[in-house]
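There are 2 protein chains.
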Amino acid sequence: MTKRPGRFSVIGTRRPRLDGPLKVTGRSQFTDDIVLPGMLHGKIVRSPIARGRILNIDTARAERLPGVKAVLTHRDAGDFMAGPDLFLLKQEQVNFFGDEVAAVAAIDEDTAAEAAELITVEYEPLPPVLSVQQALTADAPLIHTYQDSNQADEIRMDFGDADKAFREAEHVRTDTFTVHPNHSCYSEHHVVLADYSLPDKLTIWTPIQSSLFIQMNMAFKFGLPVSSIRIMNLNTGGAFCGRGGEKPHHYIAALLSRKAGKPVKIQCTAAEEFLVYRGGGTHTFTLKTGVMQDGTLKAVDTDLLLDCGAYMDTQFIVLRFIGFSQQMLYKLDASRFRGQLVYTNNPPYVFHHGTGMVALRFALGSQLDLIACDLDIDPVELRVKNAVDKNYTTPSKIHYASCGLKECIKKAASKSGWKKKYKKLPPLQGIGIGCGVIRSGGKGMMDHDTSAAVINVGEDGKATLFTGLPDMGQGSHTAMAMIAAETLGILPEDIRVIAGDTDVAPFDMGAIAQRGTFTTGNAVKQASLDARRQIAKAAAAQLGVKPTQLVFNNRSVYAREAPDRTIPFEDAAYSTLHSIEGRYVTGKGFYNPPTQAVDTQTMQGNPALAYSFGAQVAEVEVDPETGIVKLLKMTVAHDVGRAINPLAVEGQLDGQVFSGMGQALFEECIMQDGQTLNPTFLDYRLPRTFEIPEMKHIIVESIDPYGPFGAKEVGQGPIQCTTQAIANAVSNAIGYPLTELPITPERVLAALRQSGEIAILKD
Amino acid sequence: MTKRPGRFSVIGTRRPRLDGPLKVTGRSQFTDDIVLPGMLHGKIVRSPIARGRILNIDTARAERLPGVKAVLTHRDAGDFMAGPDLFLLKQEQVNFFGDEVAAVAAIDEDTAAEAAELITVEYEPLPPVLSVQQALTADAPLIHTYQDSNQADEIRMDFGDADKAFREAEHVRTDTFTVHPNHSCYSEHHVVLADYSLPDKLTIWTPIQSSLFIQMNMAFKFGLPVSSIRIMNLNTGGAFCGRGGEKPHHYIAALLSRKAGKPVKIQCTAAEEFLVYRGGGTHTFTLKTGVMQDGTLKAVDTDLLLDCGAYMDTQFIVLRFIGFSQQMLYKLDASRFRGQLVYTNNPPYVFHHGTGMVALRFALGSQLDLIACDLDIDPVELRVKNAVDKNYTTPSKIHYASCGLKECIKKAASKSGWKKKYKKLPPLQGIGIGCGVIRSGGKGMMDHDTSAAVINVGEDGKATLFTGLPDMGQGSHTAMAMIAAETLGILPEDIRVIAGDTDVAPFDMGAIAQRGTFTTGNAVKQASLDARRQIAKAAAAQLGVKPTQLVFNNRSVYAREAPDRTIPFEDAAYSTLHSIEGRYVTGKGFYNPPTQAVDTQTMQGNPALAYSFGAQVAEVEVDPETGIVKLLKMTVAHDVGRAINPLAVEGQLDGQVFSGMGQALFEECIMQDGQTLNPTFLDYRLPRTFEIPEMKHIIVESIDPYGPFGAKEVGQGPIQCTTQAIANAVSNAIGYPLTELPITPERVLAALRQSGEIAILKD
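Going down the list, the sequences are from chains R and G.
Numbered according to the numbering used here, the first sequence terminates at residue 766, and the numbering increases by one at each position without gaps.
Numbered according to the numbering used here, the second sequence terminates at residue 766, and the numbering increases by one at each position without gaps.
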């Protein structure tokens with residue numbers, strides 16, 4: 004019953020998710036479950052070609068169809084911009100297969116679909132630009148005619164003296180790596196329900212990672228105060244960076260609702276989901292790395308070509324994240340980066356699984372193994388030798404207040420039996436390692452990274468926690484309840500988490516950049532401390548001690564010196580509410596990490612206070628006849644600062660490995676003339692349940708000084724290690740470097756054909 | 004722009020209701036608008052006789068009907084009690100026409116109705132008890148066989164020495180008055196949607212006056228923690244005391260949902276509404292009043308027989324409210340009261356329009372006019388002479404910290420031209436006065452009367468006010484927004500009021516006993532002051548003054564001494580949120596009037612801090628051929644302490660006069676053998692728009708020392724005056740006292756036949 008100082012009752016215990024029963028019994032409400040009185044259904048008319056001139060849009064037949072309540076084209080939307088380069092509905096030209104041209108709202112989905120078919124758009128097809136390389140040629144047509152070139156963005160970062168470092172390096176090698184486009188594959192398709200039937204209030208139900216972002220953007224675009232926009236983010240069926248902000252269907256639903264005077268729901272089909280709202284585009288890395296003969300890394304110089312598709316969306320941020328991150332994992336004298344974001348007539352890409360990190364880590368980690376081979380150093384030793392440490396500051400001034408990277412590498416190697424296996428496995432079996440680092444929230448290039456939290460304690464001793472942080476399936480609400488429960492000395496099931504409604508939620512940047520547990524968690528802890536102070540007054544008076552002497556634990560309150568005399572927490576809460584000077588218990592908390600945003604000129608700075616690290620070892624077996632790679636085992640170590648809920652951390656690790664396995668071995672959008680040829684889950688290959696490898700979890704706790712109870716994020720960190728480890732294991736198995744993701748059977752077979760001649764990694 | 008001390012920018016201005024646009028365009032969501040995935044529809048099987056033994060209930064055919072998901076009888080509900088004397092579903096006996104016997108849930112309303120018809124219940128009819136008088140006879144059958152008599156409750160109150168006061172009185176008269184049963188006639192019928200598909204969470208959507216009451220009762224009845232019950236009170240289409248707490252259909256929907264594992268909606272039909280959920284039963288007052296020849300009142304002794312119908316519900320509270328209230332309006336030496344609540348086989352009655360006050364005031368006010376006639380004193384003068392004053396304490400220790408009663412009487416008389424009209428009108432025209440008093444919330448017989456409020460201010464300077472107070476149409480949310488806006492120096496439209504969800508709302512007793520503006524208003528003011536203090540810090544730093552020197556007005560902040568240098572409120576809020584020590588602005592407020600609950604032994608005490616007063620003058624014309632009374636004009640004076648929103652006060656006065664007119668002249672449930680013969684709005688006569696009289700509003704502001712900005716309630720106060728004034732005006736017109744409500748044409752014609760012989764009031 005009593006609590007030893009420094010020990011926790013809730014933190015660190017294995018807790019099933021509080022929302023689990025509702026989810027597994029199908030009772031959780033998602034956007035598509037919402038039915039409003041008078042609600043209409045919307046359908047978007049999309050371009051059937053990758054590039055072309057619009058000659059005519061005829062909506063007359065659609066408008067005459069009974070049940071159609073609104074038809075929307077550029078004639079309504081005008082020059083409404085859904086992004087910096089994106090007219091919402093196209094008037095003159097379409098730029099990708101799926102580009103938005105018109106939309107309808109009707110009384111049911113069938114009528115909406117029929118009306119969409121009745122809208123006739125005449126096109127003059129133009130030759131599409133289908134690769135970054137083609138887009139950058141001198142005679143390539145301009146995707147956006149008002150621009151000078153197809154280069155959407157370019158960023159250079161130069162930390163340290165790269166020229167000097169390369170001069171000093173005893174060995175330099177350059178390799179090229181390519182990552183092909185894929186999809187985030189969350190289980191809930193994009194869907195929106197917008198009610199803009201009155202001019203001064205727009206309510207949007209949609210799954211989203213940051214209600215705040217979409218709220219602010221909608222307010223700006225529609226010229227309304229932020230508080231006139233209400234985002235209802237009930238539940239989100241996965242996101243994986245794919246739901247960072249609003250998309251054209253959000254604006255289209257709002258405008259349809261405005262025109263029809265009724266709420267309008269748009270549910271994207273599986274094919275639409277794939278055609279339009281996909282993950283990362285093709286990344287092509289040209290990597291030059293300088294190293295000393297003893298394996299000490301000197302410098303990395305990267306040239307990245309990133310296909311952003313027809314419109315830029317948020318890909319300029321991906322460019323910057325990649326640029327920063329190449330110097331975050333290993334100690335370097337210098338880091339140089341040139342990234343180009345290039346328009347093509349491919350579908351626009353968005354954030355995806357770790358914001359470019361998977362691609363970057365695959366490239367850097369694969370090259371590191373090639374260097375290890377060049378220098379005849381064990382890849383694990385090479386990584387340990389160069390790994391960053393606690394209190395290390397990177398060339399770009401990123402600082403690590405806690406760091407468990409070396410511990411992760413060593414433990415992953417040791418638990419996987421690396422020494423006994425590396426170079427000692429039978430032919431076509433391989434082992435490989437991958438490492439990663441990711442920040443826990445932080446300011447990045449924004450001026451704040453704020454979370455606020457409010458917690459009310461009722462007279463029955465149960466609490467209501469208000470947060471703007473969505474739970475997309477990662478268990479963040481359970482983690483928040485655990486932080487509050489530990490602080491208040493109650494149990495997670497005593498806490499109801501209220502989120503998903505911006506009319507109700509406190510200010511919060513949302514579930515982006517792995518910030519939930521760290522940033523919102525800090526705010527929740529503060530709010531809970533505030534509430535505890537309010538309850539402590541009545542309890543202290545009842546026990547005849549000072550409030551500071553109280554311990555709150557296991558639904559009880561007692562004086563530290565007299566643990567035998569306890570008051571039930573419920574009674575303390577009741578007494579507070581119903582005392583003569585009675586007070587409703589409302590605690591508030593706030594956290595905005597006291598860091599500086601990155602300098603936009605020098606690109607230097609420490610955007611976050613905490614960074615998570617990981618290392619994973621993959622073991623694979625390759626079938627030489629089919630080229631199929633079987634992932635046998637993953638040994639997964641991750642430095643989470645402190646595991647608030649080890650069960651959830653393991654779940655997060657499992658999920659990330661599962662996704663990483665998909666990206667490493669299977670997932671690719673097959674493109675032809677700008678069209679995705681495999682836009683369903685039958686054709687787009689995901690890992691299947693029986694393909695999941697044996698998993699070994701190693702939770703490393705570096706106890707971060709700034710995290711709530713020492714916690715940092717898991718987030719999208721582990722997946723960086725997974726793809727890299729699998730790629731290195733396959734290369735190790737077949738004795739030939741794999742330089743493209745995903746490592747499909749045909750790429751394996753091609754490499755196998757080569758490996759007889761050029762056996763780089765195998766003796 | 005600047006604000007003079009003691010002057011208000013928002014309080015006292017005429018503001019349309021913030022929810023008006025949503026309401027008049029049909030966009031507000033009521034319970035019946037909610038559609039949940041998998042939702043079923045429920046139907047209740049009711050007794051078709053007033054009293055009888057249940058011989059058999061056969062549900063087999065209903066259970067076999069395709070689409071039926073649950074059938075509920077006493078076999079499921081067991082001895083589940085929905086009230087102190089009310090088994091939820093009857094096993095042995097039914098006690099009124101409409102008594103609940105069984106229920107079904109099916110996939111749609113038609114199937115549910117068909118299934119309800121397929122349930123066969125065999126009854127052995129028993130002779131019903133249809134009046135209080137019959138119920139109290141020695142050989143009357145017992146309604147509830149386990150009780151000794153049909154007396155459900157009896158209360159006696161004796162304040163002061165009544166025997167002495169009657170001995171001293173120079174004139175004593177005794178009269179009997181009867182008020183017939185009627186209905187609250189809110190526009191939204193009773194409806195409930197319950198989701199009890201998981202055993203640890205019950206969510207109920209329903210229109211209700213106090214979400215807290217129903218939440219606590221449901222928690223108690225189902226053995227769940229209070230926080231496991233979620234009440235969603237989205238919008239309430241009127242209540243008039245008729246939705247104080249839960250009713251059988253709430254429990255039935257919950258049990259159907261529990262059994263079917265799906266949400267269940269029950270929408271009562273108009274006929275069900277009238278048959279089952281009606282307002283007050285028959286009140287029979289025998290009034291004895293002692294008075295001096297100069298008109299000084301000495302004592303009142305009342306004997307009340309109140310028909311509570313088959314089950315008691317909350318009518319025992321009505322008995323007590325009436326007992327208290329007879330000594331609250333005029334100074335008396337003593338007050339004696341005996342009230343009996345009596346079971347009959349009429350439908351159970353509930354709270355109704357001022358909790359018995361309309362009936363009481365009609366009886367007392369009618370007798371006062373008879374006394375005025377006896378003593379030849381002007382009824383206005385008689386009332387002014389005896390009216391209570393500020394700082395007066397009644398025989399039961401009720402104390403008035405503010406009181407505008409005399410001002411109301413005088414102004415109503417003067418503005419109506421009383422002196423020129425009383426006894427000077429042509430035959431069959433009449434004028435009459437009525438007065439009333441009602442408390443502003445308070446503890447009554449409960450141990451607290453708590454309201455908490457929370458207000459968040461966003462970075463755009465707009466605020467979100469969280470309250471547990473429902474707005475049933477009286478404009479209370481607009482009043483709350485005005486109180487917050489005045490305090491924060493912004494405008495009511497800058498404030499979004501969030502209410503109606505107990506998972507989100509702070510603790511609040513709800514909209515009962517006229518407590519909203521006074522009690523919740525005080526909490527809202529406290530919360531707003533708290534939020535203002537938080538914003539003041541950043542603003543004061545920016546202006547280089549102390550926070551205490553700041554004035555918040557009209558969306559600006561400035562120093563009192565330097566009103567020319569202003570900061571926009573929005574900027575001050577933004578700076579607070581985004582300051583280095585950044586804070587999310589959350590203000591909390593709390594109010595529990597520091598009064599004592601009434602002593603349950605002596606029945607003495609001052610349950611509330613504030614009391615509202617009113618006086619109204621009615622002018623009527625009687626058609627001697629049809630007996631139809633035409634209400635020509637109402638002069639309505641009401642002491643509201645301070646009018647937060649004069650427009651809303653006038654609206655409230657209009658609504659109350661409209662309802663009072665209905666109760667005075669038209670509304671009556673016509674009963675035969677326990678069945679209501681007019682259970683529709685076609686047959687149950689309500690006032691029609693063209694019958695609304697000319698209205699003159701007089702707002703008296705006595706500035707209550709405890710009210711927010713001096714405000715007290717309007718609530719159900721004015722209607723007490725209306726019925727009384729109209730009855731007195733009709734008596735005055737025809738020269739014969741009307742002793743029954745409503746004053747239907749047939750009662751008028753009967754009185755007219757008498758008035759030729761006994762011309763009491765007319766010369």
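The C-beta atom is built at its ideal place from N, Cα and C for all residues, glycine as well.
Candidates the options, of which the one nearest residue i by Cα
i: V303(R); options: F327(R), T285(R), Q296(R); result: F327(R)
i: G101(G); options: N349(G), R18(G), R323(G); result: N349(G)
i: K540(R); options: S582(R), R558(R), R499(R); result: S582(R)
i: R565(R); options: E573(R), K549(R), S578(R), D574(R); result: The amino acid occupying residue 565(R) in the given sequence is Ala; Arg does not appear at that position. When only C-alpha atoms are compared, the closest one is K549(R).
i: A53(R); options: D377(R), L278(R), H174(R), T490(R); result: L278(R)
Helix, strand or coil at residue i according to DSSP, with G and I counted as helix
i: H193(G); result: coil
i: T358(G); result: coil
i: N459(G); result: strand
i: G644(R); result: coil
i: D574(G); result: helix
i: Y735(G); result: First, the amino acid is wrong: residue 735(G) is Asn here, not Tyr. Here N735(G) sits in helix by DSSP.
i: N254(G); result: As written in the sequence, residue 254(G) is Tyr, which differs from the Asn given in the question. Reduced to three states, the DSSP call for Y254(G) is helix.
i: E624(R); result: strand
i: S50(R); result: coil
Burial state of residue i (16 or more Cβ within 10 Å)
i: Y189(G); result: buried
i: I746(R); result: buried
i: Y199(G); result: buried
i: D642(G); result: buried
i: Q599(G); result: exposed
i: P128(R); result: exposed
i: Y687(G); result: buried
i: A762(G); result: Residue placement at A762(G) is poorly supported in this model, since its pLDDT is 43, which falls under 50; the coordinates still yield a value, given next. The residue is exposed, with fewer than 16 neighbouring Cβ atoms inside 10 Å.
i: F693(G); result: exposed
Where residue i meets chain G, residues with beta-carbon distance less than 8 Å
i: R568(R); result: In chain order: nothing, as chain G lies at least about 25 Å away.
i: R499(R); result: S230, D506
i: P748(R); result: Those do not exist, as P748(R) stays about 42 Å from chain G at its closest Cβ, beyond 8 Å.
Residue i: contacting residues in chain R (beta-carbon distance under 8 Å)
i: G769(G); result: An answer regarding residue 769(G) cannot be provided, because it is not within the stretch 4 to 766 covered by chain G.
Contacts of residue i in chain R (Cβ-Cβ under 7 Å)
i: S200(G); result: R30
Interface partners of residue i on chain R, CB under 9 Å
i: R586(G); result: A455, K591, F593
i: H581(G); result: D450, H451, T453, N595
Chain G contact residues for residue i, given Cβ-Cβ distances below 9 Å
i: K465(R); result: P228, V229, S230, S231
Neighbouring residues, chain A, relative to residue i (Cβ below 7 Å)
i: P24(G); result: Any reference to chain A falls outside this structure, whose protein chains are R and G.
Contact set between residue i and chain G, taken where Cβ atoms lie within less than 7 Å
i: D36(R); result: P40
* **the stretch 459-467 of chain G contacting the stretch 728-743 of chain R, beta-carbon criterion three pairs below 8 Å** => Taking a cut-off of 8 Å on C-beta distances, the stretch 459-467 of chain G does not touch the stretch 728-743 of chain R, as fewer than three cross pairs fall below it.
* Asked: Taking three-plus beta-carbon pairs below 8 Å as touching, is the stretch 80-90 of chain R in contact with the stretch 129-140 of chain R?
  -> Judged by Cβ distances under 8 Å, the stretch 80-90 of chain R makes no contact with the stretch 129-140 of chain R, as fewer than three pairs qualify.
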